[in-house]
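In what follows, a single structure is set out as structure tokens and then discussed.
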Amino acid sequence: MRRHQRAADVITYTLLALIMGFFLFPIVWLLLTSLKPARDAFTIPPVWIFRPILDNFRAVFSMVPVAAYLKNSLTIALGTTALSLVLGVPAGYGLARTASRAAGNSALLMLAIRMAPPVALLIPFYLVMRDMRLLGTYLAVILLQSVFNTTFVTWMMRGYFLSLPADLELAAMTDGCTRFGAFWRVALPLAVPGLATAAIFTFTFSWNDFLLPMLLSGRTTRTLTLGILETMSTYEIGWNNMAAIGMITILPVLLLGYILQPYYVRGLTLGAVRE
Amino acid sequence: MAGKNKVGEYTGAPADRSAAAAARPVAKWLKRLGLLPWAAPALLFMLCFAFYPLGYSLYISFFNYSLTDPTQAQTFTGLANYLKAFADPAFRVAALNSVLFVILAVGAQTVLGLAIAVLLNRDRPGTPLVRTFLLAPLTLTPIVVALVWRALYNADYGVVSYYLKALGVNIGRGPIGEPSTALVALVIVDVWQWTPLVALMLLAGLRSQSADLFEAAQIDGASGWQQFWCVALPLLRPILIVALLIRTMDVFKLFDSVYIVTGGGPGYATEVMNHYIFKTGLTFFDMGYAAAMSNLLLVLIGLFTAVYFRAIGQLGVTQ
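If you're matching them up, the sequences are chains D and B in order.
Under this note's numbering, the first sequence has 138 at position 138, and the numbering climbs by one with no breaks.
Under this note's numbering, the second sequence has 256 at position 256, and the numbering climbs by one with no breaks.
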């Protein structure tokens, strides 16, 4: 029996090691390539042991206006987060505290938008923004990103408010609070963890987006995800520079992901799975 | 509808009486609305920036409208754009590839995800660490992931190509250079980034299952394999279906990795609907045709969603 257990453990750990190898390998490659001297980046067979340097990071800052792109990414991500929360949090509260058929249908309507592929919305939206002379502005990117993220925030907050007892708000209202007062002073403070989760997710989605900024942003509003492409030449050289700017791009979202760890699966499934 | 009729009855009455009388049904109607007005700003926003564009997309899909045409003429052509799509070999290949991609990627993610969930279900030293590391692919910027895989797959300097060759597998122009392997190479990118989500969802499902059930099964003489197959898996079905639904929707949305890693090539080997629509509309600016194809994509996604929702309904799972 004990021998069996030992064999099972060996098999389990071997499989786990293989799984970890597969999922970590590309990330390790990215990190190592960002620290590799340029001549080692293309050596075949691949070089795994070398003296790490920061030249690539320095090179990237002189090649691409990294600081400006960082600012643009940050502006768009914060703008999208703010707009999506302002629209989505009250919507989520309203839908959670209304038991009518209309409320259920409104919630499903929001979900349907979230399922639509961005390209389907992007083409008509591009024409509308062109006619409004908004192409190339922060606003154009923020508006369309907020369409997808407001549905996300609404669903997430609806789930969160549903998990809070409505009695507390009713008690506050019998004590003379208005409905808004009950929301602002009772429900919202209790929903802060859900609010923070929704905000961090929205920020991450916006930060990671590539397609919408590619078409809607302009020369002065380009994001970091677009800047990465500028480091790649058509001859497929410059991986070390790409890796450096790639590391700069992923570090914030990796960090935020680590903070969100206990809520990550719940968030990505719109609350369908409780951890 | 009923509320509207009631208001309508009072329209002929004198002004002073009608105001007071109309106020009652309006108040009643408002009360029935509950807190729905709280969602009004969000719904209005959707109306302006989602439903209006979608309606506009439906409208231009009936026109021949090309942005490169200097006159910018929009000529009504009826269903011509839709008929064009069905006759267009590239679109047919893209549609087929999209469905194939869904089957391969979602299938692999389910099988692999289930295996990982089962491996992590028993607490062993080190498993929490593995769970933390599994989150990393989920958070990573898809465009960075795509560029990394493009570099790994490169035929001349790519690490994957090199080690495949060392193992005796020689793929002529590299994994993404050959039409026969390019789609699978792209599927692997998606499997890499999203299997952890399926695994963690299923793990959460396994964790919520009560141990009593398994004890009972054990007392009845069920082997470990039987316990998994006859007790754990059927209980996992609702979460499994939600996972399939979420992944299917997302794979239909796939764009970044196709655009970066293969650009739909070689030939049309990895062309998917999303990317082909993008190319038609925003590279060649044939807006009418692109709009028609994107409407067809919405219909296809709707069909898949309906199938899943039916499955969810049959299981009696409600959110």
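Virtual Cβ for every residue (Gly too), placed ideally from N, Cα, C.
Proximity winner among the options, relative to residue i (alpha-carbon distances)
i: Met249 of chain B; options: B:Phe214, B:Val26 and B:Phe304; result: B:Phe304
i: Trp48 of chain D; options: D:Asn56, D:Leu30 and D:Leu54; result: D:Leu30
i: Thr249 of chain D; options: D:Met63, D:Pro52, D:Asp9 and D:Ala67; result: D:Ala67
i: Met106 of chain B; options: B:Phe285, B:Tyr276, B:Val184 and B:Arg122; result: The sequence as given places Val at residue 106 of chain B; Met does not occur at that position. That would be B:Val184, whose Cα lies nearest to the Cα of Val106 of chain B.
i: Arg122 of chain B; options: D:Val253, D:Leu270 and D:Tyr13; result: D:Tyr13
i: Pro37 of chain D; options: D:Phe22, D:Val28, D:Leu54 and D:Gly21; result: D:Leu54
i: Ala108 of chain B; options: B:Leu296, B:Trp194, B:Arg32 and B:Ala292; result: B:Trp194
i: Phe133 of chain B; options: D:Ile76, D:Phe125, D:Ile27 and D:Thr81; result: D:Ile27
i: Met157 of chain D; options: D:Leu87, D:Leu16 and D:Leu215; result: D:Leu87
i: Phe309 of chain B; options: B:Pro238, B:Lys253, B:Thr262 and B:Pro53; result: B:Pro238
i: Met173 of chain D; options: D:Leu127, D:Met110 and D:Arg185; result: D:Arg185
i: Tyr126 of chain D; options: B:Phe285, B:Thr262 and B:Ile301; result: B:Phe285
Residue i versus residue j: straight-line alpha-carbon distance, rounded
i: Tyr268 of chain B; j: Thr43 of chain D; result: 31 Å
i: Lys84 of chain B; j: Tyr65 of chain B; result: 14 Å
i: Met201 of chain B; j: Ile188 of chain B; result: 20 Å
i: Gln145 of chain D; j: Tyr69 of chain D; result: 18 Å
i: Ile260 of chain B; j: Phe57 of chain D; result: 22 Å
i: Ser294 of chain B; j: Leu235 of chain B; result: 37 Å
i: Pro89 of chain B; j: Val251 of chain B; result: 22 Å
i: Ile116 of chain B; j: Ala199 of chain B; result: 6 Å
i: Asp383 of chain B; j: Leu213 of chain B; result: Absent from the structure is residue 383 of chain B, since the part of chain B shown begins at 1 and ends at 319.
i: Val231 of chain B; j: Thr141 of chain B; result: 38 Å
i: Ile76 of chain D; j: Leu134 of chain D; result: 14 Å
i: Ser304 of chain D; j: Leu33 of chain B; result: Since the first residue of chain D shown is 1 and the last is 275, residue 304 of chain D is not available in this structure.
i: Val160 of chain B; j: Ala182 of chain B; result: 13 Å
i: Asp209 of chain D; j: Tyr263 of chain D; result: 21 Å
i: Val242 of chain B; j: Ala272 of chain D; result: 8 Å
i: Leu95 of chain D; j: Leu260 of chain D; result: 25 Å
i: Ala311 of chain B; j: Ser84 of chain D; result: 32 Å
Residue i in three-state terms, based on DSSP
i: Gly136 of chain D; result: strand
i: Tyr258 of chain D; result: helix
i: Ala2 of chain B; result: Residue confidence is low: Ala2 of chain B scores 39 on pLDDT, short of 50, so the model does not pin down where it sits. Its coordinate-derived value is still stated next. Reduced to three states, the DSSP call for Ala2 of chain B is helix.
i: Asn368 of chain B; result: Any question about residue 368 of chain B goes unanswered here, given that chain B covers just 1 to 319.
i: Gln209 of chain B; result: coil
i: Ser98 of chain B; result: helix
i: Asp256 of chain B; result: helix
i: Asp286 of chain B; result: strand
i: Ser34 of chain D; result: helix
Any chain D beta carbon closer than 8 Å to residue i
i: Arg92 of chain B; result: no
i: Ala204 of chain B; result: yes
i: Phe45 of chain B; result: yes
i: Tyr153 of chain B; result: no
i: Lys28 of chain B; result: no
i: Arg310 of chain B; result: no
i: Asn274 of chain B; result: yes
i: Lys6 of chain B; result: Here the model assigns Lys6 of chain B a pLDDT of 40, short of 50, so the residue's position is not dependable, and the following value carries that caveat. No, no contact with chain D.
i: Thr75 of chain B; result: no
i: Ala306 of chain B; result: no
i: Ala105 of chain B; result: no
i: Ala216 of chain B; result: no
i: Thr181 of chain B; result: no
i: Ser210 of chain B; result: no
i: Ile171 of chain B; result: no
i: Ala136 of chain B; result: yes
Residue i classed as buried or exposed, judged by whether at least 16 other C-beta atoms fall within 10 angstroms
i: Asp167 of chain D; result: exposed
i: Glu215 of chain B; result: exposed
i: Asn105 of chain D; result: exposed
i: Thr178 of chain D; result: exposed
i: Asn170 of chain B; result: exposed
i: Leu323 of chain B; result: Outside the shown range of chain B, which is 1 to 319, sits residue 323 of chain B, and nothing can be said about it.
i: Leu120 of chain B; result: buried
i: Lys253 of chain B; result: buried
i: Tyr163 of chain B; result: exposed
i: Asp156 of chain B; result: exposed
i: Ile245 of chain D; result: buried
i: Leu186 of chain B; result: buried
i: Pro53 of chain B; result: buried
Any C-beta of chain B under 8 Å from that of residue i
i: Ala116 of chain D; result: yes
i: Met284 of chain D; result: In this structure chain D extends from 1 to 275, so residue 284 of chain D is not present and cannot be described.
i: Leu74 of chain D; result: no
i: Gln5 of chain D; result: no
i: Leu215 of chain D; result: yes
i: Ser34 of chain D; result: no
i: Asn105 of chain D; result: no
i: Ser100 of chain D; result: yes
i: Tyr93 of chain D; result: yes
i: Gln145 of chain D; result: no
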